[in-house]
Structures are given as C-alpha cells and as structure tokens.
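The working numbering puts the first residue of the sequence shown at 28, with every later residue one more than the last.
Shown next, in structure tokens, is the structure this report addresses.
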Amino acid sequence: MKNYTCFERDEWAKLAKSQEADITSNELANLKSVGDVLNLIDVKEIYLPLINYLHLAYEGKRSFQTKRSAFLKSDLGHAPFIIGISGSVAVGKSTTARLLQVLLSRTYPELKIHLMTTDGFIYPNQELRRRGIFSRKGFPESYDMTMLRHFLNDVVSEKADIVYPLYSQELSDIVPGKYGHVRQPDILLIEGINTLQLPESGQVVTSDFFDFSIYIDAEESLIESWYMQRFNKIMAINKDKPDNYYYELANGPRTAAIQLAEETWQMVNLVNLREYIAPTKERASLILHKTTGHLIDRIYLRRF
Numbered sequence: 028m029k030n031y032t033c034f035e036r037d038e039w040a041k042l043a044k045s046q047e048a049d050i051t052s053n054e055l056a057n058l059k060s061v062g063d064v065l066n067l068i069d070v071k072e073i074y075l076p077l078i079n080y081l082h083l084a085y086e087g088k089r090s091f092q093t094k095r096s097a098f099l100k101s102d103l104g105h106a107p108f109i110i111g112i113s114g115s116v117a118v119g120k121s122t123t124a125r126l127l128q129v130l131l132s133r134t135y136p137e138l139k140i141h142l143m144t145t146d147g148f149i150y151p152n153q154e155l156r157r158r159g160i161f162s163r164k165g166f167p168e169s170y171d172m173t174m175l176r177h178f179l180n181d182v183v184s185e186k187a188d189i190v191y192p193l194y195s196q197e198l199s200d201i202v203p204g205k206y207g208h209v210r211q212p213d214i215l216l217i218e219g220i221n222t223l224q225l226p227e228s229g230q231v232v233t234s235d236f237f238d239f240s241i242y243i244d245a246e247e248s249l250i251e252s253w254y255m256q257r258f259n260k261i262m263a264i265n266k267d268k269p270d271n272y273y274y275e276l277a278n279g280p281r282t283a284a285i286q287l288a289e290e291t292w293q294m295v296n297l298v299n300l301r302e303y304i305a306p307t308k309e310r311a312s313l314i315l316h317k318t319t320g321h322l323i324d325r326i327y328l329r330r331f
C-alpha cells in the first residue's frame, strides 16, 4: 500500500509515551466482544500509541478551528472530532471501539467521549422484509443512509441533543421507542461495517464527516474462522435465553445451525466483505492488521 507507512508491532510499540494503561484485565474482559482476544500487552503496545496519535490529531483540529474563527472574526464553534471504525463482521471492531472510548476518557478526562454504532441506522426487520431485502441485511441498501447523513450533519452543526435509533444484538433488530443521544461530545467514535463505504452518485457519505478513520483488517480465511467460533459461542450463551434471537436455533439440531452459519458467511458476509467493505480499506487513516489469534502484527498509517 504505497500511500501508507507500515510499522511492525515492535516499531509501533516504541512510539508510546512512558505511561501505564489505566485499565485492568477484568475490565478488558468485559469490553471484549464474543470470540475476540485482547490483553494488557495489546493495550500497551498497540492502543496507547494510537491514543497518543489520536489526541495529536484532535489537538490539530481544535487549533485550526480556533485560528479559523480568529481569522474570519466570527465564532464558528468547535464541531466534534469524529473517528470512524470499520472492517468485516467478527474482526473486532466493537472491541476496538469500546477500548478506545475507555482509554481516551481516562487518558484525557477533560474530554467528553461518546461511542455509537451505525447498526441503529439499519432498517427494522419488518421493513427489510417489506422491501424484499431481508437476506441482504448488512449490505448498503439495508441501511437508511439518508437518516445517517442527516444525523451526522446535525452532529457537526453542534446541535445540543441529537437522537438516533438503537439496535439490539439480542433481538437482532431495531428496538422500538429506544434511542441514543449525542450531546455535543469532544470526540465521537462511530463503529460499523459501512462507515467507510464509497459515495453513491456523488452523494455526501458517512466518511466525509470523519476526521480520522480506522480499518481493522485480516485474511478472509481467518475472519471466517473467527465468525464460526463466535457463532458457536453465541449458540452456547443463548441456549437458555428464550427472549434471544438465537434461542430457537441454539436449541435445534446443531448440524443445521452450523450449516446455516456457513451459508450465511458464504452468501452474505463474505460477499459483503469483498464487494463493499474491503474496497474501502485504503480510504482509512490507519489500518490495524490482524493475524492468527487476533494478534495485531502490523499498523499502516496513511502518509497524507
């Protein structure tokens, strides 16, 4: 990737300031998504340098905003610093996003940090079925991108309280009548498979609002194995939870469940990754490359 500087893990680790991670192993365990791998060494060697770099970029934007207002002799405000986090399903986006939220909040306690996902902008299952695209859930057409663009426009316009729909992994659907709130954060983290997707017909897209973006990368075969491992763990976790979306599947024939998961990977997630997610990788400001065991072995930082 000619537009990136590649850092091997040990090179990147040396960029961290002399500081200890303000987080415990127990807290990390609670931040991890099902099937993900994360430890204190990862925090020290990968995420502390990243936190320092993100704050450098944040300060750069704040300085420009202040100087711009002075030059134009008009207070143009301070829109939040927005970070997008993208990658395939089962690659560890949610874990990374939650960890960054905690580390940023504790390293820079004077800043207000908010985390959200784009899952809330997917159409409800009922609407997906009405449109005949339920089997395409997760593909670009299954998201209300107009709503998401309007939401982000309100964020950068510094509206005092902006609401957005909430998605439940337990229900595998939008939660009726439940909303999240964004109330003028200093830093807004947005995680989702579609955060870096390419413009359609020249329209403004999500990534146009980002100040920094992160793509989590891995070989397809590894992601598939992580997806299947996660699926099996989800089956075990929800076997005794009748309100969970996966309850009936978890209590049916395991061979049928495994077959469904394999078909879903091949016909939905892999297609989505190849056609719509992976092509956006080189739009990211930084790429975290994972290898066996979710180990981050290389970091790619965009040069410009």
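Glycine included, C-beta positions come from ideal geometry on N, C-alpha and C.
The residue from Trp39, Phe258, Glu218 and Arg125 with its alpha-carbon nearest to that of Leu175 is Glu218. The beta carbons of Tyr273 and Met255 sit about 14 Å from each other, so the pair does not count as a contact at 8 Å.
Phe108 is bridged by DSSP to Ile214. When DSSP states are grouped into helix, strand and coil, Gly204 belongs to the strand group. Going by beta carbons, Pro212 and Gly147 fall outside the 8 Å limit. At a Cβ-Cβ threshold of 8 Å, Ile264 and Val116 do not count as neighbours. Cβ neighbours of Asn79 within its own chain (closer than 6 Å, five residues either side excluded): Lys44. Using a C-beta cut-off of 8 Å, the segment 118-129 makes contact with the segment 53-64, since at least three inter-stretch Cβ pairs fall below that distance. The three-state reading of DSSP puts Tyr194 in strand, counting E and B together. Taking the Cα positions, Leu198 is about 36 Å away from Pro76. The straight-line gap separating the alpha-carbon atoms of His316 and Ser101 is approximately 43 Å. If you look at Arg158, you'll find it in the alpha helix (DSSP H) that goes Asn152 to Arg158. With distances taken between CA atoms, Leu83 lies nearest to Leu42 out of Leu42, Lys71 and Ile112. Pairing Val190 with Tyr170 gives a Cβ-Cβ distance that is not under 8 Å. Gln224 counts as buried, since no fewer than 16 other beta carbons sit within 10 angstroms of its beta carbon.
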